[in-house]
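Following: one structure in structure tokens, then a few remarks.
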Amino acid sequence: MNQNKASKLLPLVFVGLFFALDIGFDSAFNPYIQTLVIYSCVNIILSVSLNLVNGFTGQFSIGHAGFMAAGAYMSAFLTMQFPGWMGDGFQGFQLLLHTIAGGCAAALAGYAVGLPSLRLKGDYLAIVTLGFGEIIRVLLLNIDAVGGARGMYGITKQTTFFSAITWAYFTILLVSRLVKSTHGRAFLSVREDEIAAEAMGIDTTKYKVKAFVISSFLAGVAGSLFAHYLSYLNPSTFGFMKSIDVVVMVVLGGMGSISGSVVAAILLTLLPEFLRGLQQYTQIDFRMVIYSLVLIVLMLTRPQGIFGSKEFSDIYRELKKKYAKRTA
Amino acid sequence: MPNVLLDAKKVTIRFGGLVAVSDFNLQLKSNEIVGLIGPNGAGKTTVFNLLTAVYQPSEGEIYFLGQPTVGLKPFELSMRGVSRTFQNIRLFKELTVLDNIRVASHQHTHYSIVDSFFLTKKMAEEEKEIKEKAFELLKIFKLENRAYELAGSLPYGQQRRLEILRALATCPKVVMLDEPAAGMNHSETHDLMETIHSIRDRFKVTVLLIEHDMKLVMGICERILVLDHGVTISEGEPDKVKNDKKVIEAYLGTSLTEDTAEGGV
């Protein structure tokens, strides 16, 4: 009972902690580090949410950038149309509402895409999601109200350390609690064996669509945070490569491991930046070569991903057990 | 007709030009054990797939508890009380034994995704209930010390048992077992016979089973249907079926004396 209470209150403590950190964040870190932290958070949201579909529900989607774009454009559009409609003191709250609106737009897109395409499996589904991701991008390219190919300028910079890290935390909390519930077991059963899941009374189509919609919502949130940090949007940002980046994070971290997605998202956000220093010595941009080599080596040595399907908590428990045995 | 649970009337299914099952009739009454036998390729598993709505019949009607089931999806049938196992074990291999059973209990849970995020009391209570029920079942099948192992890591016999157990966890009225004794040795088969008997009495379910092990079929079934090439060639009590000429012909071919045939069947 006590433990349950603790796990209910802990998130509040965390959010409070983020808020406290946020006050000092701007002055303590230079803009470059701030950018890295916020992009890490955006990538964490993207990879953890995609893991819900690819890792836990076993449906291979490679159109995540499309949903990110839907959320980014929706929220940025609202901010451009109604700048500061809540007054100066409520910028954070406004961002929250616009981000949720962006998430909902992405979720709607996810529902529209998921319902017809989730009947397909494996490679076929991957191609369909890829296609839909591109459709969203091309649509945005042709809507003049959001700038078309010129992109969208001058979105108020509202994403703070607090909003980014709180949404990332929310995503992790939501997905990890979800997969431990009966709904999460339904997702997993779809991954393991659809026919058996169906025979056990699980509406597999409904659960696939559910996973897809939740995942799209979160991708939209990530898009909104991204848009309100960069303050410029262009459809080409959300191309095929962006989707692949997220898939790489999920696979590298381990399909079905939230900890893995988080670690891989941070690693792959920071790695190119660390390698930037290298360029000064070599005079040539080896950055992407080394980045790719790291991916190849990691996949060769750990094909199941950094974490496999385990979480931090599992590893902690195993280590504890091992240590207890050794001392006993 | 009192307490008829499942009623299949003149069910026929064609795959292209092939008539896999034709004019199949079956009435399952509550609390009985019925066997479905026949040579390889006779259409037994197809009958299972028809009864659990994996396939839709080309002709004929199927009623469960008086309601037509044609057009329903498999999960809807499962929620109404028809559960099954598979010929090639289909466990959720990467999930624990406990989770395999809890998936089957999913249809009896009511809490929402929002409840799972806020860890509400409703969720905690339902989860506790599911877990207790799962362990109760595990104890009956003597698998409780395996609860936290991955289902795929269990030995074959235990996987078979777990699959039956998982089918029962949906709280069915009819359980269909597709070759439950396949790959089991003599003593395991014997245990299985007792298990099937005990689950019938304990859970008050009707059991329909496909099996090639004649000792098992003859030993526990109260009624047997024999299929050959999609046609029901014999039906009745074990002793009647055992001595039916058509059955002997289907299994062993013609021009055999009854003596040798009996040993074979």
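So the sequences go chain by chain: D and W.
The first sequence begins at 4 in my numbering and counts up one residue at a time.
The second sequence begins at 552 in my numbering and counts up one residue at a time.
In this text, a Cβ means the ideal position worked out from N, Cα and C, and glycines have one as well.
- Contact set between W:Ala685 and chain D, taken where Cβ atoms lie within less than 8 angstroms: Going along chain D, no residue has its Cβ under 8 angstroms from W:Ala685, so there is no contact; the nearest lies around 11 angstroms.
- Which value, in whole angstroms, describes the spacing of the CA atoms of W:Ala559 and W:Lys595? 14 angstroms
- Query: Taking C-alpha atoms, which residue in W:Gly617, W:Phe575 and W:Gln618 lies nearest to W:Phe599?
  - Reply: Measuring from the Cα of W:Phe599, the nearest candidate turns out to be W:Phe575.
- Query: Counting along the chain, where does the beta strand (DSSP E) carrying W:Glu612 start and finish?
  - Reply: Glu610 to Phe615
- Message: Would W:Leu562 and W:Gly781 be called neighbours here (beta carbons separated by less than 7 angstroms)?
- Response: The residue asked about is misnamed: residue 562 of chain W is Val in this sequence, not Leu. Not in contact: W:Val562 and W:Gly781 (Cβ atoms no closer than 7 angstroms).
- Task: Give the secondary structure of W:Gly594 by DSSP, where H, G and I count as helix, E and B as strand, and everything else as coil.
- Result: W:Gly594: coil per DSSP, three-state reduction.
- Buried or exposed by the 16-neighbour rule on C-beta atoms within 10 Å, applied to D:Pro238: Counting of Cβ neighbours within 10 angstroms places D:Pro238 among the buried residues, the total reaching 16 or more.
- Which chain W residues sit within Cβ distance under 7 angstroms of D:Asp206? Phe626
- Assign D:Ser64 to one of two classes, buried (16 or more other C-beta atoms within 10 Å of its C-beta) or exposed (fewer than that). buried
- Query: Under 7 angstroms between the Cβ atoms of D:Ala75 and D:Leu236?
  - Reply: yes
- Task: In angstroms with no decimal places, state the Cα-to-Cα distance between W:Asn639 and W:Glu786.
- Result: 26 angstroms
- beta strand (DSSP E) containing W:Asp779: first to last residue? Arg774 to Asp779
- Message: Any beta carbon from chain D within less than 7 angstroms of W:Glu680's own beta carbon?
- Response: no
- Message: Please report the distance separating the alpha-carbon of W:Phe668 from that of D:Phe190.
- Response: 16 angstroms
- Just the Cα atoms here: how many angstroms apart are D:Ile309 and W:Leu579? 52 angstroms
- Query: Would you say W:Ala559 faces chain D, with C-beta separation under 7 angstroms as the test?
  - Reply: no
- Query: What did DSSP end up calling W:Lys724 once you bin it into helix, strand or coil?
  - Reply: coil
- Is it the case that the Cβ atoms of D:Ser78 and D:His101 are separated by a distance below 7 angstroms? yes
- Query: Sorted by chain position, which residues of the same chain lie with C-beta nearer than 6 angstroms to W:Leu716's C-beta, five sequence neighbours on each side aside?
  - Reply: Leu688 and Phe692
- Message: Cutting at 6 angstroms between CB atoms, please list the residues of its own chain near D:Val182, excluding the five before and the five after it.
- Response: Residues Phe59 of the same chain have their beta carbon placed closer than 6 angstroms to that of D:Val182, with the five preceding and five following residues left out of the count.
- Message: For a test of the three-state rule: what should DSSP assign to W:Phe575, helix, strand or coil?
- Response: Correct three-state label for W:Phe575: strand.
- Query: If you measure from the beta carbon of W:Phe599 to each beta carbon in chain D, is any gap under 7 angstroms?
  - Reply: no
- Rounded to the nearest angstrom, how far is the Cβ of W:Ile588 from that of W:Val768, given a contact under 8 angstroms? 6 angstroms
- By Cβ distance below 8 angstroms, which residues in the same chain neighbour D:Gln94 in space, the five residues on each side in sequence not counted? Counting only Cβ-Cβ distances below 8 angstroms, and skipping sequence neighbours, we find Gly87, Thr159 and Gln161.
- Query: What residues from chain W crowd round D:Arg188, counting only those whose CB sits closer than 7 angstroms?
  - Reply: Asp650, Arg653, Val654 and His657
- Any C-beta of chain D under 7 angstroms from that of W:Leu616: False, the Cβ-Cβ gap to chain D never drops below 7 angstroms.
- Task: Classify D:Leu121 as helix, strand or coil using the three-state DSSP reduction.
- Result: Coil, per DSSP.
- Item | Inside the region 227–268 of chain D only - alpha helix (DSSP H) runs reaching at least 4 residues | 243–256
- Item | CA nearest to the CA of W:Ser581, picked from W:Val725, W:Glu739 and W:Glu762 | Closest in C-alpha terms to W:Ser581, from the list W:Val725, W:Glu739 and W:Glu762, comes W:Val725.
- Cβ-based neighbour list, D:Ser262, same chain, cut-off 6 angstroms, excluding 5 preceding and 5 following: Answer for D:Ser262: Phe310, Glu314 and Phe315, listed in chain order.
- Message: So W:Lys644 contacts chain D; which residues on that side make the cut at Cβ distance below 7 angstroms?
- Response: Here the neighbours are Glu195.
- In whole angstroms, what separates the C-alpha of W:Met791 from that of D:Glu201? Checking the sequence, you will find Lys at residue 791 of chain W rather than Met. Near 37 angstroms, if we compare the C-alpha coordinates of D:Glu201 and W:Lys791.
- Query: What do you get for D:Met89, buried or exposed, if any count of 16 or more other CB atoms within 10 angstroms of its CB means buried?
  - Reply: Its Cβ having fewer than 16 others within 10 Å, D:Met89 is exposed.
- If the cut is a Cβ gap below 8 angstroms, which residues of chain W does D:Lys11 touch? Result: Phe669 and Leu670.
- Around the C-beta of D:Pro275, are 16 or more other C-beta atoms found within 10 angstroms, so that it is buried, or is it exposed? D:Pro275 is exposed by the Cβ-count criterion.
- Item | Local Cβ density within 10 Å of D:Ile286, reported as buried at 16 or more and exposed below that | This sequence places Gln at residue 286 of chain D; Ile is not what is there. Under this definition D:Gln286 is an exposed residue.
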